[in-house]
Structures are given as C-alpha cells and as structure tokens.
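Presented below is the structure to which this report refers.
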Amino acid sequence: MAFVASEFMEDLDKLKSEMLGQVAEAADLAALDDVRVAALGRKGQITGLMKSLGQMDPDDRKAAGAAMNVLKDAVAEAIETRKFELENSGIDERLAAERIDVTLPVRPEASGSIHPISQTIDEVIAIFGEMGFSVAEGPDIEEDWYNFTALNIPPDHPARQEHDTFYVNAEKDGHRKVLRTHTSPVQIRTMQSAKPPIRIIVPGRTYRCDHDATHSPMFHQVEGLVVDEVSHMGHLKGCLIEFCRAFFGVDDLPVRFRPSYFPFTEPSAEVDIGCTREGGGLRIGHGDDWLEILGSGMVNPRVLENCGIDSTKYQGFAFGVGIERIAMLKYGIPDLRTFYESDIRWLNHFGFAPLDVPSMVARAQLGS
Ligand code: DAH
1 MAFVASEFME DLDKLKSEML GQVAEAADLA ALDDVRVAAL GRKGQITGLM
51 KSLGQMDPDD RKAAGAAMNV LKDAVAEAIE TRKFELENSG IDERLAAERI
101 DVTLPVRPEA SGSIHPISQT IDEVIAIFGE MGFSVAEGPD IEEDWYNFTA
151 LNIPPDHPAR QEHDTFYVNA EKDGHRKVLR THTSPVQIRT MQSAKPPIRI
201 IVPGRTYRCD HDATHSPMFH QVEGLVVDEV SHMGHLKGCL IEFCRAFFGV
251 DDLPVRFRPS YFPFTEPSAE VDIGCTREGG GLRIGHGDDW LEILGSGMVN
301 PRVLENCGID STKYQGFAFG VGIERIAMLK YGIPDLRTFY ESDIRWLNHF
351 GFAPLDVPSM VARAQLGS
C-alpha cells in the first residue's frame with residue numbers, strides 16, 4: 001500500500017479533533033480514562049499508528065513521526081487538563097453539598113449559661129475592683145493554724161465548735177489539716193506575704209459539716225481585708241454601705257451595723273440591709289424589716305501581731321460575706337441546695353448569658 005503523506009496528515013488532523021472532542025465530552029474521571037486507554041493505551045489508536053511507522057520509508061517516517069508526536073502530546077495534554085477540571089468540579093460539588101451555615105444560631109439545648117454563684121462572684125469582684133481591691137486566693141485544705149489559731153481562735157475556743165469542721169486524716173506526726181471553714185485564713189496568708197497597704201478580697205469555697213435547706217457542706221464566701229496606717233471604722237462603714245447598694249442595685253438601700261463578736265475583729269459588727277416581707281414575698285429596700293448579710297470588724301491587733309505586722313503602726317478592717325446568701329436574696333432563689341443539683345432546667349432559669357459580664361461602668365452609664 002503506497003503511503004501518501006498528505007492523506008496521512010489529514011487523517012491525523014481528523015483523529016486529533018475526534019479525540020479532543022471525546023476528551024471534552026468525558027463526563028467523569030472514569031469516562032476520561034476510557035478515552036485515554038482508547039487513544040494512548042497499549043492497544044490504543046495512537047499507539048497502533050506509532051507501530052505502523054516501521055513500514056514507512058525513512059523520509060516519510062520522519063515527517064509522520066513528528067506529526068504523530070504532536071498529536072500524542074496534544075491529546076495527552078488535553079486529557080490532563082480535563083482530568084484537573086473533573087477533579088476540581090468534584091471538590092466544588094462536595095463543598096456545595098456539605099456547606100455549613102456558620103451564621104445559624106446554635107440550638108437552644110446546646111447553649112450553656114453562667115451559674116449564679118460564678119455570676120455573683122464576678123459581680124462582687126467588679127464592685128470591689130472599682131474600689132481598688134485586688135483578688136487573693138488560698139488553699140481549700142488548710143492548716144489548723146491559719147484557719148483558727150492565727151485568727152485568734154485558740155484550741156479551746158468555743159468558736160471552733162460552731163464551725164463544724166471537716167478534718168482531713170491525720171499525718172504521721174499526728175497533725176491534721178482541715179477543709180477551711182471560712183475564707184478568713186487567706187487574710188493571714190496575705191498579711192504574711194505582703195506589706196501594707198493591703199486591700200484584698202478573697203472569693204472561694206468553704207466547708208462545714210452541716211446540711212439542710214439553708215446550709216450546704218460546701219459553700220462560698222468572699223473575704224475582705226484592708227490594712228494600712230489610717231483606715232478606721234468610718235472607712236469600713238462607707239465601703240460596705242457602698243458595696244450593699246451597688247450589689248443590690250438600690251441607691252438608697254438602708255444598711256445597719258449591729259455590734260457583734262468575732263475573735264479576729266475588735267470591735268465587730270454584723271451588717272443588715274432593709275427589706276419588706278409582704279404576703280410571703282421578700283423585697284430588698286426600704287421597709288420595716290432587716291436581713292443580716294455579712295460580718296465585719298476592725299482587725300484584732302492580736303491577728304496583726306500573729307502575722308508579724310506592728311499593730312501600733314498598722315490597723316484595718318475585714319469582712320466576710322456568704323455568696324449563696326446574697327445570690328439567693330438578689331435573684332430570688334428560694335432553696336440553697338438547688339445551687340449544687342446541676343438541674344439543667346434550674347440553670348436555664350437562673351443562669352446568666354455568657355456575655356452578661358458585670359461592669360460597674362455599664363451600670364453607671366445606664367444610670368441604675
Ligand atoms: N469568717 C466569718 C464566718 O465565716 C465571717 C467574717 C466575719 C469574716 C467578720 C470577717 C470578719 O473577715 O471581719 O462566719
């Protein structure tokens with residue numbers, strides 16, 4: 001069979017446009033691979049043509065070989081391009097199918113809330129923070145000396161019995177640590193480690209062996225301590241009146257100081273706020289009744305001396321507030337035990353939105 005160069009070239013052109021057409025029409029990767037095998041595979045059309053080069057005379061073979069290489073490269077390149085397109089269109093389809101609308105609101109049952117205890121502690125910190133207090137902390141498992149003795153509660157003191165202390169198992173030498181019965185031991189730790197002027201509050205967990213509607217074996221307090229050369233009972237009163245009014249959000253809240261006794265303060269006072277009880281309900285503010293909310297007093301000079309602070313030069317005041325108690329009063333929570341039940345319905349009702357961050361600045365701007 002005589003070889004006619006021009007016809008061969010025309011055939012190649014036809015073949016090329018046929019094959020490029022098939023490549024373009026391949027609808028998915030599998031179809032594209034069929035096209036590739038039919039063209040470039042071992043038994044493919046182009047491969048077959050390549051084999052036929054052997055029968056040509058040398059000059060024709062050169063020209064035909066070059067033309068066939070061009071065809072082969074063009075088809076191979078078109079296949080690669082189409083392959084890339086098909087692979088990417090697969091990703092685009094998946095992205096479209098699996099799209100997640102991140103602007104959708106979360107499902108109600110998945111939303112969390114801030115526990116009233118945490119919220120109340122944050123509020124107390126915000127108020128005292130504005131007054132220049134900083135936050136101090138101490139261990140829950142405490143030495144007897146810090147929890148009692150250094151606070152002027154010696155071993156035979158009746159106040160020890162009132163505290164219903166949880167004791168931790170004795171160590172080898174017989175000495176027993178306690179679960180702190182109040183946050184007051186952090187007063188001692190702070191006075192030992194910092195020099196006056198001192199102005200701290202101490203929010204934290206406290207423990208007493210007591211359990212009923214108004215007592216829990218674990219509860220929370222906030223301790224306050226100011227030690228410097230000038231602070232007196234007037235400062236104590238001003239500071240605590242301001243705190244009560246800011247915390248309960250009642251600008252003219254009546255606050256009463258009633259003489260009391262604590263071993264670590266002298267003189268001592270319990271603080272009451274005004275309220276009314278009408279028809280079983282309780283309202284904080286002006287009224288004919290009083291509610292006790294915290295203990296306070298001038299730091300006993302003996303306590304200062306126990307911490308190595310010169311009581312002829314320094315003085316100050318201290319106070320202790322029960323967190324659950326003020327939270328119950330402010331938010332109308334009737335039973336103390338519910339704080340620790342982790343009942344999701346209770347948390348939904350009494351909890352706070354995560355972004356409801358207490359701020360004294362916001363309060364002032366709202367004019368409340
Ligand atoms: N620690 C006392 C208690 O748990 C509360 C208290 C009263 C703390 C008077 C004080 C204070 O710092 O001055 O009952």
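According to this note's numbering, the sequence shown is numbered sequentially starting from 1. Even glycine gets a Cβ: it sits at the ideal position worked out from N, Cα and C. On a predicted model such as this, the values are computed, not experimentally measured, just so you know.
Taking 7 Å as the cut-off, is the CB of residue i close to at least one heavy atom of the ligand DAH?
i, result
"residue 318", "yes"
"residue 215", "no"
"residue 315", "no"
"residue 266", "no"
"residue 292", "no"
"residue 221", "yes"
"residue 235", "no"
"residue 133", "no"
"residue 118", "no"
"residue 349", "no"
"residue 113", "no"
"residue 262", "yes"
"residue 370", "Limits of the chain in this structure are 1 at one end and 368 at the other, which puts residue 370 out of reach."
"residue 204", "no"
"residue 238", "no"
"residue 138", "no"
"residue 182", "yes"
"residue 311", "no"
"residue 274", "no"
"residue 332", "no"
"residue 296", "yes"
Please identify the residue among the options whose C-alpha is closest to the C-alpha of residue i.
i, options, result
"residue 145", "15, 185 and 314", "185"
"residue 181", "154, 203, 209 and 191", "209"
"residue 204", "141, 164 and 158", "141"
"residue 121", "173, 313 and 202", "202"
"residue 218", "322, 75 and 256", "322"
"residue 137", "275, 291, 222 and 167", "222"
"residue 357", "124, 94, 347 and 105", "124"
"residue 348", "34, 112 and 15", "112"
"residue 78", "254, 274, 169 and 20", "20"
"residue 212", "320, 116, 24 and 339", "339"
"residue 233", "207, 44, 265 and 26", "265"
"residue 183", "239, 130, 135 and 23", "135"
"residue 374", "50, 75 and 74", "Absent from the structure is residue 374, since the part of the chain shown begins at 1 and ends at 368."
"residue 342", "115, 242, 38 and 240", "115"
"residue 401", "68, 187, 85 and 230", "The question about residue 401 has no answer here: the residues shown for the chain are numbered 1 through 368."
"residue 197", "313, 98 and 44", "313"
"residue 165", "278, 177 and 231", "177"
"residue 327", "354, 89, 360 and 214", "214"
"residue 84", "48, 28, 130 and 10", "28"
"residue 15", "45, 6, 36 and 99", "45"
"residue 354", "65, 17 and 119", "119"
"residue 70", "9, 89 and 96", "9"
"residue 230", "276, 199 and 257", "199"
"residue 245", "360, 57, 6 and 36", "360"
"residue 32", "310, 13, 269 and 86", "86"
"residue 13", "82, 67, 293 and 37", "67"
"residue 220", "179, 274 and 42", "179"
Run through the DSSP bridge pairs and tell me what residue i is partnered with.
i, result
"residue 156", "Paired residues: none, contrary to the question."
"residue 268", "260 and 297"
"residue 220", "205"
"residue 318", "225 and 297"
"residue 167", "178"
"residue 281", "278"
"residue 255", "273"
"residue 290", "274"
"residue 199", "226"
"residue 215", "212"
"residue 135", "201"
"residue 369", "Outside the shown range of the chain, which is 1 to 368, sits residue 369, and nothing can be said about it."
"residue 141", "179"
I'd like to know whether the C-beta of residue i is nearer than 8 Å to at least one C-beta of chain B.
i, result
"residue 240", "Among the protein chains of the structure shown there is no chain B, as only one such chain exists."
Below 7 Å, is the gap between the Cβ of residue i and the nearest heavy atom of the ligand COA?
i, result
"residue 166", "In terms of ligand content, the structure shown lacks the ligand COA and carries the ligand DAH instead."
May I ask you to verify whether the region 269 to 289 touches the region 241 to 257, counting CB pairs closer than 8 Å and requiring at least 3?
The region 269 to 289, when compared against the region 241 to 257, does touch it at the 8 Å Cβ threshold.
Could you check whether the region 224 to 244 touches the region 333 to 344, counting it as contact only if at least three pairs of C-beta atoms, one from each stretch, sit closer than 8 Å?
no
Assess contact between the region 150 to 158 and the region 291 to 303, defined as three or more Cβ pairs (one per stretch) separated by less than 8 Å. Is contact present?
Contact between the region 150 to 158 and the region 291 to 303 is present, with at least three C-beta pairs closer than 8 Å.
Specify whether the region 261 to 270 and the region 286 to 297 touch according to this definition: at least 3 beta carbon pairs, one from each stretch, less than 8 Å apart.
yes
At least three beta-carbon pairs within less than 8 Å, the region 156 to 167 to the region 186 to 196:
no
Check whether the region 234 to 242 and the region 309 to 328 touch, using three or more Cβ-Cβ pairs below 8 Å as the test.
yes
Using 8 Å as the Cβ pair cut-off and three pairs as the minimum, do the region 23 to 38 and the region 68 to 83 touch?
yes
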